[in-house]
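Residue 546 in numbering that gives the first Met the number 0 sits at position 547 of the sequence shown, with consecutive numbering throughout. Heads up, the beta-carbon is just placed ideally off N, CA and C, and yes, glycines get one too.
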Amino acid sequence: MLRQRELPRDRVLFRILKNKSPTVSNICEKLNYNVKNVVLLSEDELCELWQHVKTILLKAQKLYTQASNNKGKYLRELNVMVKLIHTITSMALETIVQRMFVPNILLQNIMLLHSVVLLNVKDEQIKNEISYLLEKWWMLNMIWKEKVIINALRYLIQSCKSSLQHVKRLYEIRSAITLLKCAEDIQELLKLVREKTVMSLEEGRMLILHLFTLGEQYILGIHNNIRVVLQNIGHNYIAAYADLYIIAWLNATEKLKKFIVENCLYNIIFHCFRAYRDSAGRGKLGKNLLSLLTAIHNNKQQVARSMIHNQCKPLLWKHLKAPGSFIRCNAVEILFVTNSVQYTYASKDRNKIYLQKCYKIITDLLKDSDFEVCNVTMNELFKMLEKYWTFVPRNIIRDWLNILLHYTKNANNSKIRANVFIGLTRILIKERSRRMLIDFLPNFANSIYDEDKAVLEALIKLLWHVQNQLGIPFWNIIPLTYVLDRLETTQDIFLLQELIKLIWLRISLNGTHCDKIIDELAYIGTNNINAIRRFCFHSKLVISWNTSTKLIETLLVMIKEEIKCLPLMKLLNKNCNKKIKIDNKRSKYINDSLNNWNKNLDNYKDNYKDVHIYIDVIAMLLIGNIKNTKEEKFYKEEMNILRVIAHALPEFFKYLRETPINESVIFLFSLIPSRLFFNKIEVIEMLVQELCNPNAPDDTILSVIHVLMKWNKGDTILFALTNIFTESLNISLNNQHVINNTDVFQINEKGLELSLRILKHLLHDEYQSVLMNKYHKDILKFWKNLYRLRSFIEKELNNECNIKSLISKDIIVQFFKEYISMISILYKKDIFEASDQFSEILLWIRRTIIPHISQIDINTIENHQTCINIIRSTFDISNYLLEEYNSTSKLCCDIVLLYCSCLSSTIGIVFMNNAFDAITMLLDFSKMAYKKQEPSLLEIIVPNFACVMMVTLTKYDQDKLFKYTNNLKLLNGLTEKYFTIIKNTFDSQSLYLSYITIMFNAAINSISTEITHMLQCSCVTEEKILITQFPYLAKKILKIILNKRKYQKLSIQVLTKTITNYTKIDMLSALIVIYKILKSTDKTTINRLKNVTLAAKEHYQKQSCNNCFDRNINDAMNIVINAILKQ
């Protein structure tokens, strides 16, 4: 604010004036260096003073002109002039304020300050003081005020952008605004509507309203600037702009009212409908336009609201039916803004009809085919119901709720499903919507199974809102069983935590006393045992460690009380049959006894179920709260509770050993360090006895193994396993105590099956590293003991064991597979060479098993599954060794040799899928071997293996090939892989040709077999020969090697080199293939194939025809050759 009271003395001006003349010197003495003393001067003295001041201002004018060309030269003079102007301005202000008489010479000084100094001075304080002087001149209605206000207006317009005081000062001289004639000045003035300093101040808003009264030019200018500022303005200022429009409209003349509506408000409404929008919603401008329209419509003046409503109505109905979904979304938002359910602008009947129309439109929009329209409609509907629930008929609301329910069940977009629950949370207000929604909310129960995180988050927030605000338990809306199902299955961490909080809310509803919590845990566990396990495992979120320990201690006491009753229940179970074996005449008593027994049995099972839940809760609480169970590093409090459990656990195990919850008790052992048990050896013996129980289920076996391995008792497990296996496959040894052909085997099927199960669990990945590092000698000893399997298999193949049980045979095969699979695991340098051991087994199979399969008929292989499965198991492990590169080149050769032996047998096709897998893996292994300077696998072994495979394929008909080779689907992939590997290694043309030769010859051989049969059964005709259908195998092979150009070129090279070496029948087959190729190839290839044909013709003409069959072949060849050469 300009200083108006204590003005500082500035002696510079007075020193200058003193030197002018004696009269001026006297005047300065009278002023006493204080401009306030100007009131003491006479009129003549005042005129004299301002006359001399004028000369100083004229010098200032000259100085500014000179300084405009060289400012640095006059810097000192300019600084002095600033001080002089400061004093002159203060003295002028005191003159016009304090004196009634204002001399004309002062006007001249004022004009110099306005037109010269204010435009040139750079000092902002001086500018501000001069402007304030000019403003006072205007407000005091001084002479020629219109001449000295324009530059002050310009200064104030610029300063309003940063100063609230300047906004107020501009408002005070608003009557001078009409003097602005320059278009640029008017534009700068109208831009003030964009400034927050102007819009945040009442005087600023009043200033803009004043501009609205100045005519259409100003109104359009204000509106255009508001449109610009709406692109970035914050939401806080939008209400102020809305008030501007409405107040201006209300206070305007009829003409200007019409102008404001047609050129401003209609423009806002139209662009609000057409604003840019995408899947994320309106853009910044669109949001601000909607907010502006909302603020305008929500004005307290009903006449203004009616006017906006009437302007929107025709555009609204049009845009609600627009083809573009985003336009319809914009229209939906405007519908809810301008059509309140409190609509009272018309008569009651018209109002009712109009509202019914709105309700129908809303219902139709909720059913729109575009989900964005539905989503926007739903969100706006919730906002409306939040405010006006009581104004909407209940039947209409129920219809809308049913549509929302349909969204949650059928909407593919998760956003709309989530928004349903977000909106329901918003409108669920006590004592208003409570009754209807609480009755309807259970219909949304299935949404707990929704897989989208946002939907579940919104649903859970709704459940918490219902619980906290309305006191309604969540299980009244979503059944507890549903929540437990989700708790059991969900993998989402957020959902898991929220569900745990909900379950804890249910558990702790009646207080946090241990007995009450346990009752609730048992009830929940009865509904879903897995859910309560998961709850306890993650319960650290809601249950403190102190509470957990108290729960465990209480549960241990309750388990002890429960198991005291179990012997009585077991006795009831044993004696039940005695109770019902009564004379038939006493039938009534029998029925009563049966009923009583059934009740006792149910109670017996329930008791087990409760104890089961208690034990699982203890286990999960321990796992969830004690994180260092593996390292066995415990705090004092943790150690105390573990000791309590260790003291009670052996007793529990003895009582519950033959019950369904035995496995849970055993698992609990794994959570307690073995050193905490009073009689550790006795506990281990009990567990080993359970391990050796043939009737023990897999879960129990796995739990015992888990406990013993955790207690570092792997050697105990292996010792027990060895004993079980030995006793189950017992051998009566001869006098030399060595296994030979005179020994007699005795099989215990259950024991053998048990030992197999134990072995499989023990070889799980979880325990492999521990076994190999800590117990390698023990497991190697067990593996050597498995050698007796081979002796048993040999006797079985010789029909000396007479095993009729298919189960026993299957167990033997599975055991053999585990036996050979252990080889790769047992490898240890200088102790156990896996490759050598596996090669020895392969040799044994070739010598022992292969001779048996050579006598098997392909149609009776079902009777010889033991041999076949043993070989297949060996192949599976072989392929695994190849795949993992856990092999050597020598072992690869042994594996291929075994394959070749099997494939060459009468049932070789049975092993073809294994062979395809093997050669594929062998290619990868060979590539690795090639990099290690071992090329022989790719050069020799792989091609020979492929050759044996192709030869095997040619021996079987289509049905067998389809059945045992999966329709030869792997053949194409094998070819691609072979060429890729060769390209990345040798990149040798000869290796490409050798593979294609194998493939092509297999196809030729297959075709020859078919043609031989045809020529032997019928006479030779051109039609039969040229339309010969290729056999199944030939079709598959030729499709691979002839359809791709790179393979086709190689195939033609093969033909060129080998056709003259073929037998007559094979040459005929090759010519038929050439004839087929000619129909779909280029001219160059045709010419090459014709040359091949001529060479074949020349070759076969030299050969003699000894019989009728040879003559038929010659005739057929002539037919084919002539057909080829004609094309």
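Within the DSSP bridge table, the entry for residue 831 names 827 as partners. DSSP, read as helix, strand or coil, puts residue 277 in strand.
Following the DSSP letters along the chain, one finds residue 374 inside the alpha helix (DSSP H) bounded by residues 370–387. Taking a C-beta distance under 7 Å as the contact criterion, residue 704 and residue 760 qualify as a contact pair.
Assignment of residue 470 by DSSP, reduced to helix, strand and coil, places it in the coil class. Where residue 490 is concerned, there is no enclosing alpha helix (DSSP H), because DSSP gives it neither an H nor an E. Between residue 425 and residue 381 the beta-carbon gap is near 5 Å, inside 8 Å, which marks them as a contact. Judged by DSSP in its simplified three-state form, residue 159 adopts coil rather than helix or strand. Assigned with DSSP and collapsed to three states, residue 205 falls in helix. Restricting attention to 314, 847, 323 and 321, the CA atom closest to the CA of residue 337 is found in 314.
Remark: fewer than three beta-carbon pairs, one from each stretch, lie closer than 8 Å, so the region 914–933 and the region 955–962 are not flagged as touching. Less than 7 Å divides the Cβ of residue 777 from the Cβ of residue 714. Around residue 1063, the same chain offers 1112 as residues with beta carbons nearer than 6 Å, after the five sequence neighbours per side are excluded. In this structure residue 814 is buried. Its beta-carbon is surrounded by 16 or more other beta-carbon atoms within 10 angstroms. Residue 1040 is positioned such that its CB atom lies closer than 7 Å to that of residue 998.
For residue 1091, the enclosing alpha helix (DSSP H) covers residues 1082–1100. Here the alpha carbon of residue 831 sits roughly 11 Å from the alpha carbon of residue 821. Inclusion of residue 294 and residue 247 in the CB contact set at 7 Å is not warranted, their separation being larger than that value. DSSP places residue 99 outside any alpha helix (DSSP H), giving it a letter other than H or E. Here the alpha carbons of residue 621 and residue 515 stand approximately 20 Å from one another. CA-to-CA, the gap between residue 794 and residue 728 works out to about 13 Å. Counting other Cβ atoms within 10 Å of its Cβ, residue 750 reaches 16 or more and is therefore classed as buried.
Collapsing the DSSP output to three states places residue 879 in a helix. Spatial neighbours of residue 753 in its own chain (CB-CB distance under 7 Å, excluding positions within 5 residues in sequence) are listed in chain order as 693 and 723. Following the DSSP letters along the chain, one finds residue 28 inside the alpha helix (DSSP H) bounded by residues 21–30. By the neighbour-count criterion, in which 16 or more other beta carbons inside 10 Å mark a residue as buried, residue 1107 falls on the exposed side.
The shortest C-alpha to C-alpha distance from residue 1095 to any of 157, 1068 and 122 is the one to 1068.
For residue 1014, the closest C-alpha among the options 474, 1003 and 1027 is that of 1027.
Our two residues, residue 930 and residue 887, have alpha carbons roughly 14 Å apart in a direct line. Excluding its 5 nearest sequence neighbours in each direction, residue 509 has C-beta neighbours in its own chain below 6 Å: 515, listed in chain order. Residue 1018 counts as exposed, since fewer than 16 other C-beta atoms from the protein chains shown sit within 10 angstroms of its C-beta. A contact is defined here as three or more CB-CB pairs under 8 Å, and the region 80–94 meets this definition with respect to the region 49–62. Judged by DSSP secondary structure, residue 136 falls within the alpha helix (DSSP H) whose first and last residues are 123–138. Here the alpha carbon of residue 833 sits roughly 51 Å from the alpha carbon of residue 555. Looking from the CA of residue 330, the closest CA among 775, 652, 373 and 985 belongs to 373.
Runs of alpha helix (DSSP H) with 4 or more residues, each lying fully within the region 514–572, are found at 528–536, listed in chain order.
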